[in-house]
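To start, the structure itself, in structure tokens.
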Amino acid sequence: MTSETGARTAAAARRHAGGVRMGTGRAGDRIFVSAARGSGIAVLLIMAAIAAFLVWKAIPALQDNKANFLTAEEWNPNATPPRFGIAQLAFGTVVSSLLAMLIATPVGVGIALFISFYSPRRLASGLGYVVDLLAAVPSIVYGLWGLAFLSQHMEGISRFLNSVLGWIPLFGGDSPGKNSIFTASVVLAIMILPIISSISREVFLQVPRANVEAALAIGATRWEMIRMAVLPYGRSGMIGGAMLGLGRAMGETIAVAMVLTFVPGINVHLLENGGATFASNIANSFAEASVTGRGALIASGLVLFVITLLVNMAARAVVARRKEFV
Amino acid sequence: MTTLSTGRGPAGKAAGPSLTSVSAGRKVKDRVVQGLVYLAFLLALVPLVSVLWTVVVNGAKRLDPTFFQFSMNAVSGSDKGGGAYHAIIGTLEQVLITSLIAVPIAVLTAIYLVEYAGNGRLGKLISFTVDVMTGIPSIVAGLFVLALWLLTFGFDYSGLAGSLALTILMIPTVVRATEEMLKLVPNDLREASYALGVPRWRTVCFVVLPTAMTGIVTGVMLAVARVMGETAPLLLTIFFTKAINNDPFTGPQASLPTFIWEQAADPSQNSIDRAWTGALVLIGIIMLLNLVARFVARRKAPTGR
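These protein sequence lines are chains A and B, in that order.
Numbering-wise (the numbering used here), the first sequence opens with residue 7 and increments by one.
Numbering-wise (the numbering used here), the second sequence opens with residue 638 and increments by one.
This is how it looks when you write it as structure tokens:
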């Protein structure tokens, strides 16, 4: 008995050291390992199935399409012959989420700096929780709020921006409105604030204490300490957080769908009503979609899936790079 | 962090005048940045307070017993009355089914990643996939279930289809939360158990999991709170109904998020009031779940030993 136990402990120790060998030959162990590994493989299969089925169901609609899928601005998959393209959707998605990222990143990093370095230490975790509450609010509620409250106040801001910065095409146009891509971007910016600030906070926490204290010891002010020790160290984390926020903004559906009023065609005047994103278009046109219409929506969803996948993978790679240096 | 608060120390105390003086320009810059950082935080509070305030004020109008007792069956958009009973039932059933499917898969996956995978290639691949899955837009999850369950297998819209879509969104969050908690369990505990001759699976089930349990429960509750507010995938999978449908396996069901979406689309003020009350109820449930999860997490953390 003793020797057996000893052998098993040794095996356990070896397993923890090497981490490769598994299974002690007991039935219970074998069943449990297969259940655990099976679940892991199920996750892989789900991911593969998502890509496979989206492609499969998109192909028939794409074959029927009489317009250029990539460059056409119209979306009439229910017509005969069906004509649809993603140009307008791609424009709306990319522009609204980039703008949201530009608005949210400085604020998010500022929040992270505030919680990590400026707020009273005792309050830090509580304040972090308050910011996380922003992430807990469901997107449908943001949509409702954006429609009923924010957009009313955005009209004035849009008019102001239009009169001051109207010479820049993006802020130009004759009739700045409240249901514009700009309003949608502000809602998106609020929604991605928590992720940017929480990832920035995570990297700020990892900044080596020695660097911080060295900066302070040579007489740096708090801002100089942050600029010398914190920001260079946290750069990849902040960039990664901003990109994760970008990915999330691109996939956000309901809030955008509620805030935007659909006007066909690309409009570079971001302050004017109109615009659509991949996700908002799916939510808005699904109920009336025919068979081809559904296929077309699935095809546009596939494009969204691929774009967010690339953005997220790039973001993870940037965040992970920091880990390797430590 | 204490050392950081002494950041202004060198400027203020002791030493000779040549060392203490911080030039005015540097001081101003420091103050300006401090102001900006405070401003950033306040800026984040504005939408939070505004959202909660608007929802509470507008939602309180219809927060009456009728709202919880009746469905929208035979109630048209401009009518007064009507309620979200059907939607609340739908949401609860869908979230329950989602949890029943997602939690076992996610917890077992996390166990595999922490306890068994080591540095193996499969473990790395799964871990990467979970990361990628976290970023899937919720509407894409809905489209996938639409393509697989409804269009390929030919099933009808149902609460179950909605649950399947939510499962995809819930799995990665629970895997990550469970993984974090399992990693916190000290190795000594596992080794002590092995030393007593306890097989590995019993060690995981009766030593590791109970130690990490509170953390896992917290993670699951936060994940439930998150999927409960998802609207987009449900639009494509459960569709709409105004009537009570207690059976999540057949026929379209309602849910709180789609109820809000439906009511908000109606121009009548009575409908919009119902949408706000729906939002208040939804946000109330989600905040409650969040608070309870925090409370559970604080009461007993696995690092206690």
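Just so it is clear, CB atoms sit at the ideal spot from N, CA and C, and this is done for glycine as well.
Just so it is clear, the structure is predicted and the values come from calculations on it, not from any experiment.
Could you tell me which chain B residues have their CB closer than 7 Å to the CB of residue i, listed as they occur along the chain?
i, result
"Asn318/A", "Val769 and Gly772"
"Arg322/A", "Asp768"
"Ser45/A", "Ile742, Leu745, Thr746 and Tyr749"
"Arg32/A", "Pro836"
"Leu76/A", "Correct list: empty, because the minimum Cβ distance to chain B is about 19 Å."
"Lys63/A", "Ala784 and Leu788"
Drop a sphere of 10 angstroms on the beta-carbon of residue i, count the other beta-carbons inside from all chains shown, and report buried for 16 or more, exposed for fewer.
i, result
"Arg20/A", "Because the pLDDT at Arg20/A is just 49, under 50, the model does not fix this residue reliably, and the value given afterwards should be weighed accordingly. Its Cβ having fewer than 16 others within 10 Å, Arg20/A is exposed."
"Ile174/A", "exposed"
"Thr99/A", "buried"
"Gln69/A", "exposed"
"Val170/A", "exposed"
"Ile726/B", "buried"
"Glu194/A", "It is worth fixing the name first, because residue 194/A is Leu in this sequence and not Glu. Leu194/A is buried by the Cβ-count criterion."
"Pro87/A", "exposed"
"Met28/A", "Only weak support is given to the placement of Met28/A: the predicted model assigns it a pLDDT of 48, under 50, and the value that follows is read from those uncertain coordinates. The residue is buried, with at least 16 neighbouring Cβ atoms inside 10 Å."
"Ser642/B", "Residue confidence is low: Ser642/B scores 43 on pLDDT, short of 50, so the model does not pin down where it sits. Its coordinate-derived value is still stated next. Answer is exposed; the Cβ neighbour count stays below 16."
"Val312/A", "exposed"
"Asn74/A", "exposed"
"Lys761/B", "exposed"
"Ala326/A", "exposed"
"His723/B", "buried"
"Thr2/A", "Outside the shown range of chain A, which is 7 to 332, sits residue 2/A, and nothing can be said about it."
"Glu294/A", "exposed"
"Ala834/B", "Per the sequence shown, the amino acid found at residue 834/B is Gly instead of Ala. It is exposed - the Cβ of Gly834/B has fewer than 16 other Cβ atoms within 10 Å."
"Gln212/A", "exposed"
"Asn185/A", "buried"
"Ser102/A", "buried"
"Arg936/B", "exposed"
"Leu76/A", "exposed"
"Pro635/B", "No information on residue 635/B is available, as it lies outside the stretch 638 to 942 that chain B covers here."
Excluding the 5 residues flanking residue i on each side, which residues of the same chain have their C-beta closer than 7 Å to its C-beta?
i, result
"Thr314/A", "Gly253, Met256 and Gly257"
"Val861/B", "Val732, Ser736 and Leu926"
"Ile920/B", "Val692"
"Asn287/A", "Trp81, Leu95 and Ser306"
"Thr868/B", "Pro894, Thr895 and Trp898"
"Leu783/B", "Leu873 and Thr874"
Please list, in chain order, all residues of the same chain as residue i whose beta carbon is under 6 Å from its beta carbon, the five residues on each side excluded.
i, result
"His275/A", "Gly178 and Gly179"
"Ala142/A", "none"
"Pro83/A", "Phe90, Thr298, Gly299 and Ala302"
"Leu250/A", "Ile201 and Ala321"
"Ala930/B", "Thr855, Met858 and Leu859"
"Gly240/A", "Val209 and Phe210"
"Ile812/B", "Rather than Ile, the amino acid found at residue 812/B in this sequence is Val. These residues qualify, in order along the chain: Ala743, Thr746, Ala747 and Val767."
"Ile146/A", "Ile260"
Give the residues of chain A in contact with residue i, contact being defined as C-beta atoms less than 9 Å apart.
i, result
"Gly866/B", "Ala142, Val143, Pro144, Ser145, Ile146 and Val147"
"Arg687/B", "Here residue 687/B is Ser; the residue named in the question, Arg, does not match the sequence. Ordered by position in chain A, the residues that pass the 9 Å Cβ test against Ser687/B are Trp151, Phe155 and Leu156."
"Ala901/B", "Ile146, Gly149, Leu150, Leu153, Ala154 and Met264"
So which residues of chain A does residue i contact, with C-beta pairs closer than 8 Å?
i, result
"Pro889/B", "Within chain A, no residue comes near Pro889/B; the closest Cβ sits about 12 Å away, beyond 8 Å."
"Phe932/B", "Within chain A, no residue comes near Phe932/B; the closest Cβ sits about 12 Å away, beyond 8 Å."
Once you ignore the five residues that flank residue i on each side, which residues in its own chain have a CB closer than 8 Å to its CB?
i, result
"Leu104/A", "Leu252"
"Gly888/B", "Asp793, Tyr794, Ser795, Thr878 and Asn882"
"Ile875/B", "Gly727, Gln731, Tyr794, Ser795, Gly796, Ala798, Gly799, Pro889, Gln890, Ala891, Ser892 and Thr895"
"Leu826/B", "Val844, Val845, Thr848 and Arg942"
"Arg164/A", "For the record, residue 164/A in the displayed sequence is Ser; it is not Arg. If we look at Ser164/A and ignore the five residues flanking it on each side, its Cβ neighbours are Pro182, Gly183, Lys184, Ser186, Phe188, Thr189 and Leu277."
"Arg663/B", "none"
Starting from the beta carbon of residue i, find every residue of chain B whose beta carbon is closer than 8 Å, and list them in chain order.
i, result
"Thr314/A", "Gly772, Ile773, Pro774 and Val777"
"Leu119/A", "Val674 and Ala677"
"Asp35/A", "Pro836, Arg837 and Trp838"
When DSSP builds the beta bridges, which residues end up paired with residue i?
i, result
"Asn279/A", "Ser186/A"
"Arg89/A", "Asn82/A"
Under 7 Å Cβ-Cβ, which residues of chain A neighbour residue i?
i, result
"Pro894/B", "Pro144 and Ile146"
"Leu659/B", "As written in the sequence, residue 659/B is Val, which differs from the Leu given in the question. Here the neighbours are Thr227."
Using a C-beta cutoff of 8 Å, does residue i count as contacting chain C?
i, result
"Phe781/B", "This model lacks chain C altogether, as its protein chains are A and B."
Item to complete: Could you say if the region 310-322 of chain A and the region 231-249 of chain A meet the contact criterion of at least three C-beta pairs nearer than 8 Å?
Response: yes
Worksheet item: For the region 842-861 of chain B against the region 44-58 of chain A, are there 3 or more C-beta pairs whose distance is under 8 Å?
Response: no
Discussion item. Does the contact criterion of 3 or more C-beta pairs under 8 Å hold for the region 697-717 of chain B versus the region 763-783 of chain B?
Written reply: Fewer than three pairs of CB atoms, one per stretch, sit closer than 8 Å, so the region 697-717 of chain B makes no contact with the region 763-783 of chain B.
Worksheet item: Is it a yes or a no for the region 116-132 of chain A touching the region 674-685 of chain B, going by three-plus beta-carbon pairs under 8 Å?
Response: In this structure the region 116-132 of chain A lies against the region 674-685 of chain B, because at least three pairs of beta carbons, one per stretch, are closer than 8 Å.
Discussion item. Using a Cβ distance threshold of 8 Å, determine whether the region 827-843 of chain B contacts the region 901-914 of chain B, with at least three qualifying pairs required.
Written reply: Put simply, the region 827-843 of chain B does not touch the region 901-914 of chain B. Fewer than three CB pairs are less than 8 Å apart.
Worksheet item: Quick check: the region 258-265 of chain A against the region 187-206 of chain A, are there 3 or more CB pairs under 8 Å?
Response: yes
Worksheet item: Counting pairs of Cβ atoms below 8 Å between the region 224-239 of chain A and the region 275-284 of chain A, do you hit three or more?
Response: no
Worksheet entry | contact_flag[the region 798-807 of chain B, the region 738-756 of chain B] where n(CB pairs < 8 Å) is 3 or more | yes
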